[in-house]
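Numbering (the numbering used here), first residue to last: 46 to 300. Glycine included, each C-beta is placed from N, C-alpha and C at the ideal position.
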Ligand code: CA
């Protein structure tokens with residue numbers, strides 16, 4: 046069964062957060078798709094996201110979620126790992142077959158690194174482990190749209206790393222005559238590293254700016270993403286020449 050939450054115009058009785066209700070008045074609302082079978086989580090997230098000025102659609106089965114994603118073309122997707130009809134990894138792979146770019150955050154009761162890596166391989170961008178704080182999740186979603194909405198005048202649309210050309214506008218990467226699609230987080234990570242080319246960028250800054258997570262040294266999200274990017278641009282991903290590790294700090298892009 047598919048639930049569609051009709052969005053409504055909300056009056057901000059409280060001091061509105063900068064880009065919540067205000068943004069909703071001038072631009073189309075960003076839409077979030079929730080694929081999750083636990084009704085209280087769907088309700089809680091829907092309320093919180095609508096209050097923040099997003100519109101929300103939700104499905105409690107993976108199959109329905111894919112149908113809704115194709116129908117609504119949401120701006121971001123929250124995807125539960127354990128669904129009644131299938132698992133989130135499979136849903137994620139299917140979503141990625143038709144949209145390489147849309148940010149996908151997995152909601153999961155598990156926190157094992159192996160699951161995170163499997164999720165990233167399936168095309169997920171981030172993990173939120175249950176029970177999670179709604180405030181933290183919203184901070185992550187806000188980070189997505191803050192980055193996506195930022196002015197882009199000084200940044201070149203394409204840049205080269207070794208034999209690879211990255212196009213930030215078309216979200217593609219070309220290497221050896223082959224072009225592949227990049228996800229939102231991959232584009233943003235490339236963009237941030239390229240803005241500071243030749244200089245180290247700390248893990249904490251990357252987490253904060255791209256994932257909207259306050260620096261947590263045990264968080265492996267950035268490192269896992271770097272592994273993905275290296276596979277795309279490095280001749281030998283184990284001996285990187287372009288996406289360099291700055292030990293105990295973060296990463297640096299070398300053209
Ligand atoms: Ca579930």
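- Bounds of the alpha helix (DSSP H) holding residue 235 are 229-240.
- Within a 10 Å sphere around the beta-carbon of residue 154 sit fewer than 16 other beta-carbons, which makes this residue exposed.
- With a cut-off of 8 Å on Cβ pairs, the stretch 113-126 is in contact with the stretch 76-83, counting three or more such pairs.
- Ligand 1 has a heavy atom closer than 6 Å to the beta-carbon of residue 82.
- Within the same chain, no residue comes within 7 Å of residue 166 by CB-CB distance, once the 5 residues on both sides are set aside.
- Not one heavy atom of ligand 1 falls within 6 Å of the beta-carbon of residue 151.
- Rounded to the nearest whole angstrom, the CA to CA distance from residue 108 to residue 130 is 7 Å.
- Cα atoms of residue 244 and residue 256: separation of roughly 20 Å, rounded to the nearest angstrom.
- Only exposed fits residue 73, as fewer than 16 other CB atoms lie within 10 angstroms of its CB.
- Inter-segment contact for the stretch 159-175 and the stretch 239-254 is absent: fewer than three beta-carbon pairs are separated by less than 8 Å.
- The stretch 165-182 and the stretch 120-139 touch, with no fewer than 3 CB-CB distances between them shorter than 8 Å.
- Taking a 10 Å sphere around the C-beta of residue 287, we find 16 or more other C-beta atoms and assign the residue as buried.
- For the options 298, 230, 97, the alpha carbon positioned closest to that of residue 267 is the one of 230.
- Judged by the Cβ position, residue 160 fails to qualify as a neighbour of ligand 1 at the 6 Å threshold, every heavy atom of the ligand being at least this far.
- Look at the stretch 61-144 and you find these whole runs of beta strand (DSSP E), each 3 residues long or longer: 76-80, 100-104, 121-125.
- The nearest non-hydrogen atom of ligand 1 is 6 Å or more from the C-beta of residue 166.
- Annotation: residue 160 is outside any beta strand (DSSP E); the continuous alpha helix (DSSP H) that includes it extends over 158-167.
- Judged by the Cβ position, residue 125 qualifies as a neighbour of ligand 1 at the 6 Å threshold, a heavy atom of the ligand being closer than this.
- For the options 144, 149, 205, the alpha carbon positioned closest to that of residue 182 is the one of 149.
- Scanning its chain for C-beta atoms nearer than 6 Å, with the 5 sequence neighbours on each side dropped, one finds around residue 120 the residues 75, 76, in chain order.
- In this structure, the CA atom of residue 132 is about 14 Å from the CA atom of residue 104.
- Residue state for residue 215 is assigned as coil, using DSSP reduced to three classes.
- Around residue 89, the same chain offers 179 as residues with beta carbons nearer than 8 Å, after the five sequence neighbours per side are excluded.
- The distance from the Cβ of residue 278 to that of residue 209 is about 4 Å, consistent with a contact at the 8 Å cut-off.
- Beyond the five residues adjoining it in sequence on each side, residue 144 comes within less than 8 Å, by CB distance, of 114, 118 in the same chain, given in chain order.
- Of the candidates 147, 151, 146, the residue whose Cα lies closest to the Cα of residue 134 is 151.
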